[in-house]
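Enquirer: Using our numbering, read the sequence shown as starting at 242 and increasing by one per residue. Glycine included, C-beta positions come from ideal geometry on N, C-alpha and C. Small disclaimer: the values here were computed from a predicted structure and weren't measured.
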Amino acid sequence: MFKAIVINKDEQGYRAQLQQLEEAALPAGEVKVDVLYSTLNYKDGLAITGKGPVVRSFPMVPGIDFAGCVTESATPDFKVGDLVLLNGWGVGEGHWGGLAQRASVRADWLIPLPKGFTAKQALAIGTAGYTAMLCIMALQKHGTKPSDGEVLVTGAAGGVGSFAVSLLSKLGFTVVASTGRLDEADYLKKLGANEIIDRASLSAPGKPLAKERWAAVVDSVGSHTLANACAQTKSDGAVAACGLAQGMDFPSSVAPFILRGVTLYGINSVTVPRAKRIAAYEQLSQLVDLNTLDEISKEISLQDAITYADQLMAGNVRGRVIVDVNQ
C-alpha cells in the first residue's frame, strides 16, 4: 500500500483526496520509483482545485515533478537503487504523477538525479527552476548580454519568477521584478532584483508599441502583461514566454515584431529532449546558490498539499513548495 493524492470526477463532483492505494493500481511503466519528494506547481494547483482543464483522465494522481529511487527497471538505462528526476512529460495530467509515494513511468521521461544536488534540492528547483533556466537559455541563444540593459521578470514572486530573478542576477543582468505582492520586495531584492514594479503597470490593456525599456523579458503571466512587455522591449530584444497566470490570451499586435524586430520565444518545458534537460541542469548546478534554495522554497507534507493548492491559486504562496510525500 502507498499514499497518494487522487483526483476523481464523477456524479459526486470534482474532488482531490488523500488515499491509500495498492501497488497494483499503478499504471504501466518501464521504471518503478519510490518517490522521495514532489512539488506543488501552478499546474498542480489547477489540477487539484479543478480551476483549469489540466487533468485528461480520471482517476489521476497529480504532481508534474518528482525525485526518487528506482525499485524496478525493465530497461538498461536505469538500475535498482538509481536516484532519478522527472519534470513534465504529462505526468499529473494524462499519466499518474509525483504526489504519491510510488510512481511508474516510461524510462525516457527520467534523467539521473543531477550531480551536485540532493533529491530535495533538485525538487526545490523543480519544473519552476528548470523552466526559468530554459527561458534564460533562450535569451543566451539570442545573444542577450548584461550590457544590453534591463531584463524584466513578470510574476517575480512565483516559482519561475523567483528563479529567473536569482539566475539572471547571478549572470550579471540588471533585473526588474514585476509582482502584485509588493510586500515581497525585500525577498525579491535578496534574490537579486535591482528594482520592483507593480504588476498593475503591465496588466491592463496597453498600446501596440510603447516606450522601449527592456533588453529582454522572462514572462510567466501571459495575456496583457505579455503584450505590454513585448510592446516595451527594445529593438532586436527577446521575450521568453512560459506561463499563463493572467490568461492564455495574447491581446497584442505584430508591431513589436515587424517594427522593432523583437523575438518572442515560446518555452515548452514539458517535452524537452533529455540532452537539453541535462544541459539546463548543468547550468543550474553552476548558478544555483544552495543557500538561496531555503529562501525560495518551503517544505510541506503530502496531506497538506491539497490545502496549499488552494492558497497557490489564490496567489498567497511565494517561491517553491516542496512536498515530502513520506511525511
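Where do the ends of the beta strand (DSSP E) carrying I305 lie?
Expert: Where I305 is concerned, there is no enclosing beta strand (DSSP E), given that its DSSP letter is neither H nor E.
Enquirer: How long is the line joining the alpha carbons of F307 and H465, rounded to whole angstroms?
Expert: 33 Å
Enquirer: Mind checking V425: buried by the 16 CB within 10 Å criterion, or exposed?
Expert: First, the residue type needs correcting, since residue 425 is Glu and not Val in the sequence shown. Buried.
Enquirer: Tell me whether the stretch 390 to 397 and the stretch 409 to 427 touch, counting them as touching only if at least three CB pairs, one residue from each stretch, are closer than 8 Å.
Expert: yes
Enquirer: Do you know how far the Cα of A369 is from the Cα of V511?
Expert: 11 Å
Enquirer: Would you mind listing the beta strand (DSSP E) stretches within the stretch 305 to 347 that are 3+ residues and don't spill past its ends, in chain order?
Expert: 306 to 314, 324 to 328, 343 to 346
Enquirer: Is the Cβ-Cβ distance between A363 and G309 less than 8 Å?
Expert: no
Enquirer: Please determine, among A405, A486, G367, the residue with the shortest C-alpha to C-alpha distance to P355.
Expert: For P355, the closest alpha carbon among the candidates A405, A486, G367 is that of G367.
Enquirer: Rounded to whole angstroms, how far is the Cβ of T316 from the Cβ of C483, which I believe are closer than 8 Å?
Expert: Their Cβ separation, rounded to whole angstroms, is 30 Å, which puts T316 and C483 out of contact at 8 Å.
Enquirer: Can you give the Cα-Cα distance for W350 and P268, rounded to whole angstroms?
Expert: W350 and P268 have their C-alpha atoms spaced approximately 14 Å apart.
Enquirer: Counting only runs of 3+ residues fully inside the stretch 464 to 547, write out the beta strand (DSSP E) ranges in chain order.
Expert: 474 to 482, 504 to 507, 538 to 542
Enquirer: Please report the straight-line C-alpha distance between L277 and A348, rounded to a whole angstrom.
Expert: 18 Å
Enquirer: Contact defined as beta carbons within less than 8 Å: I believe A405 pairs with I537. What is the distance between those atoms, to the nearest angstrom?
Expert: So it is not a contact: roughly 11 Å between Cβ atoms.
Enquirer: Distance check for F243 and A266, CA to CA, integer angstroms please.
Expert: 10 Å
Enquirer: If distances are taken between C-alpha atoms only, which option among N249, L326, A445 comes closest to I519?
Expert: L326
Enquirer: Please name the residue in V459, E313, A445 whose C-alpha comes closest to that of L408.
Expert: Answer by Cα proximity: V459.
Enquirer: Tell me the DSSP secondary structure of K452 in three-state form.
Expert: coil
Enquirer: Going along the chain, which unbroken runs of the beta strand (DSSP E) with 3 or more residues stay wholly within the stretch 367 to 411?
Expert: 392 to 394
Enquirer: Between which two residues does the alpha helix (DSSP H) containing K284 stretch?
Expert: Under the DSSP assignment, K284 falls in the alpha helix (DSSP H) whose first and last residues are 283 to 290.
Enquirer: Output the distance between the C-alpha atoms of A445 and A451, rounded to the nearest integer angstrom.
Expert: 13 Å
Enquirer: From V311 to A398, what does the alpha carbon distance come to, in whole angstroms?
Expert: 34 Å
Enquirer: Considering only the alpha carbon of each residue, which of T280, N557, V503, G507 lies closest to T385?
Expert: When each option's Cα is compared against that of T385, the closest is V503.
Enquirer: What does a CB cutoff of less than 6 Å around N282 pick up in its chain, not counting 5 residues either side in sequence?
Expert: Contacts found: I305, T368.
Enquirer: Can you look up A550 in the DSSP assignment and give me helix, strand or coil?
Expert: helix
Enquirer: Helix, strand or coil: which one does DSSP assign to A269?
Expert: Annotated three-state conformation of A269 is coil, per DSSP.
Enquirer: Where does K228 sit, in a helix, a strand or coil, going by DSSP?
Expert: This structure cannot speak to residue 228, because the chain is shown only from 242 to 568.
Enquirer: Within 8 Å, do at least three Cβ pairs link the stretch 281 to 299 to the stretch 544 to 555?
Expert: The stretch 544 to 555, when compared against the stretch 281 to 299, does touch it at the 8 Å Cβ threshold.
Enquirer: Which partner residues of V459 appear in the DSSP bridge assignment?
Expert: V394, A481
Enquirer: State yes or no: is the C-beta of L543 within less than 8 Å of the C-beta of L340?
Expert: yes
Enquirer: Rounding to the nearest angstrom, what Cα-Cα distance links L528 and P303 in this structure?
Expert: 29 Å
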